[in-house]
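Taking it in order: structure first as C-alpha cells, then the write-up.
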Amino acid sequence: VSLNPLFNGIQVNFIDFSFEFEEDKPLLKHVNFAIEKGSKVGVHGSQGSGKSIFLRMLTGNYTDFVGSLLINQIPIQNLNKREYRRQVGTFLQGHEIFMGTLMENITLGQTDINTEMIIQQANKLGFSNFLQYFPSGFDTVLDPLGKKLSESLKKKILLIRATIGKKSLLLLEEPWSGLPSEIQENLKHYFLNELPNVTVIIATNDSDYLSKCSAKFEVGKGVILN
Numbered sequence: 006v007s008l009n010p011l012f013n014g015i016q017v018n019f020i021d022f023s024f025e026f027e028e029d030k031p032l033l034k035h036v037n038f039a040i041e042k043g044s045k046v047g048v049h050g051s052q053g054s055g056k057s058i059f060l061r062m063l064t065g066n067y068t069d070f071v072g073s074l075l076i077n078q079i080p081i082q083n084l085n086k087r088e089y090r091r092q093v094g095t096f097l098q099g100h101e102i103f104m105g106t107l108m109e110n111i112t113l114g115q116t117d118i119n120t121e122m123i124i125q126q127a128n129k130l131g132f133s134n135f136l137q138y139f140p141s142g143f144d145t146v147l148d149p150l151g152k153k154l155s156e157s158l159k160k161k162i163l164l165i166r167a168t169i170g171k172k173s174l175l176l177l178e179e180p181w182s183g184l185p186s187e188i189q190e191n192l193k194h195y196f197l198n199e200l201p202n203v204t205v206i207i208a209t210n211d212s213d214y215l216s217k218c219s220a221k222f223e224v225g226k227g228v229i230l231n
C-alpha cells in the first residue's frame with residue numbers, strides 16, 4: 006500500500022504492541038499509544054528504558070512484532086517501504102557518515118536534492134557556516150576511517166540529511182546534544198514551530214523541550230508510563 010507522497014503528517018497507532026530480540030526479554034511490552042498527525046512528541050526515559058527501540062520501530066525496518074503498528078491506519082508491514090522511508094527522516098544513535106562526498110552523504114542518492122536546497126536547510130537549522138570546513142565544498146570526500154570530522158560537524162551533516170526534502174515524519178534521538186547553546190535553541194524552535202504539518206518524535210530528557218511539546222510520554226522498562 007502506498008502513502009500519498011504529498012501527504013503532510015503521519016498518524017501513528019501502537020495497539021497492544023510488543024517487541025523482543027530475545028525470547029522472553031521484551032523491549033516493548035503491550036504498548037498502546039496514539040500520535041496525531043503533525044504533533045510534536047517528546048519521548049523520555051532512562052538509558053535502556055526502550056525509548057530508542059520505540060523510535061526504531063517506526064522506521065519500518067522491524068516487522069517481527071506482536072500486536073499492531075498502524076501508519077495512517079495502514080499496518081506498517083503493508084506499506085510501500087521505499088516510498089515510506091522517503092517521507093521519514095531519521096537521526097538515530099549509530100548513524101554515521103560513509104566513504105563518499107559530502108553531497109553523497111547528505112542526499113543518499115536522492116537526485117531531487119540540490120546544493121541550493123542543502124544550503125537553505127543548513128541555514129534553517131542554524132548551520133549557516135558549515136560549508137567553510139570542507140575545502141572542496143560539496144565535492145569534499147569524507148572518509149570515516151581517515152581524517153576524523155569533529156562530532157559537531159558530523160552531527161550537522163546527519164541532521165541536514167535527516168531533515169532535508171519533503172518529510173512527513175521525523176524520528177530523532179538527542180539531536181542537539183553537544184552542539185553550542187545558540188544552535189540548540191534554534192533546533193528546538195525549528196522542530197517545534199517551523200514544521201506545522203510534520204509529525205516530529207524526539208527522544209530526549211531535555212525538560213525545557215519536553216515542556217513545550219504537544220504530547221510527551223515516558224518509557225520505563227519497555228512500558229509507556231504516562
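Numbering-wise (the numbering used here), the sequence shown opens with residue 6 and increments by one. No residue lacks a Cβ here, since even glycine has one placed at the ideal position from N, Cα and C. Fair warning: this is a prediction, and the values are worked out from it, not measured in the lab.
For residue i, count the other beta carbons within 10 Å of its own beta carbon; 16 or more makes it buried, fewer makes it exposed. Which is it?
i: residue 62; result: buried
i: residue 98; result: exposed
i: residue 31; result: buried
i: residue 113; result: exposed
i: residue 28; result: exposed
i: residue 160; result: buried
i: residue 249; result: Residue 249 cannot be examined here, being either before or after the span of the chain that is shown, 6 to 231.
i: residue 115; result: exposed
i: residue 36; result: buried
i: residue 47; result: buried
i: residue 89; result: buried
i: residue 92; result: buried
i: residue 230; result: exposed
i: residue 180; result: buried
i: residue 214; result: buried
i: residue 150; result: exposed
i: residue 178; result: buried
Return the first residue and the last residue of the beta strand (DSSP E) that residue i is part of.
i: residue 30; result: 30–40
i: residue 186; result: Run containing residue 186: none in the beta strand (DSSP E); it sits in the alpha helix (DSSP H), 186–198.
i: residue 221; result: 220–225
i: residue 69; result: Here residue 69 belongs to no beta strand (DSSP E), and DSSP marks it neither H nor E.
i: residue 206; result: 204–208
i: residue 175; result: 174–178
i: residue 48; result: 45–49
i: residue 81; result: Neither: residue 81 is in no beta strand (DSSP E) and is coded neither H nor E.
i: residue 182; result: Segment: none, residue 182 is in no beta strand (DSSP E) and carries neither H nor E.
i: residue 6; result: Counting along the chain, residue 6 falls outside any beta strand (DSSP E), and DSSP gives it neither H nor E.
i: residue 20; result: 17–27
Would you call the CB atoms of residue i and residue j closer than 8 Å?
i: residue 158; j: residue 143; result: no
i: residue 204; j: residue 40; result: yes
i: residue 124; j: residue 162; result: no
i: residue 55; j: residue 21; result: no
i: residue 94; j: residue 172; result: yes
i: residue 58; j: residue 24; result: yes
i: residue 77; j: residue 16; result: yes
i: residue 165; j: residue 130; result: yes
i: residue 60; j: residue 208; result: yes
i: residue 38; j: residue 222; result: yes
i: residue 84; j: residue 18; result: no
i: residue 202; j: residue 14; result: yes
For the alpha helix (DSSP H) that contains residue i, what are its first and last residues?
i: residue 212; result: 212–217
i: residue 3; result: As displayed, the chain neither begins before 6 nor continues past 231, which places residue 3 out of reach and without an answer.
I believe residue i touches residue j by the beta-carbon criterion, under 8 Å. Please report the beta-carbon distance rounded to the nearest angstrom.
i: residue 175; j: residue 167; result: 7 Å
i: residue 104; j: residue 148; result: 6 Å
i: residue 170; j: residue 50; result: Rounded, the Cβ-Cβ distance is 30 Å, inconsistent with contact.
i: residue 34; j: residue 228; result: 5 Å
i: residue 146; j: residue 120; result: Wrong, their Cβ atoms sit about 16 Å apart, outside the cutoff.
i: residue 196; j: residue 86; result: With a Cβ gap of about 25 Å, residue 196 and residue 86 do not count as contacting.
The ligand GDP and residue i: does any heavy atom of the ligand fall closer than 7 Å to the residue's C-beta?
i: residue 41; result: Within the structure as shown, the ligand GDP is missing, as the structure has no ligands at all.
Does chain C have any CB closer than 8 Å to the CB of residue i?
i: residue 126; result: The displayed structure is made up of one protein chain only, and chain C is not part of it.
**Message:** As an exercise, report each continuous alpha helix (DSSP H) stretch of at least 4 residues that is fully enclosed by the stretch 91–164, in chain order.
**Reply:** 107–112, 120–130
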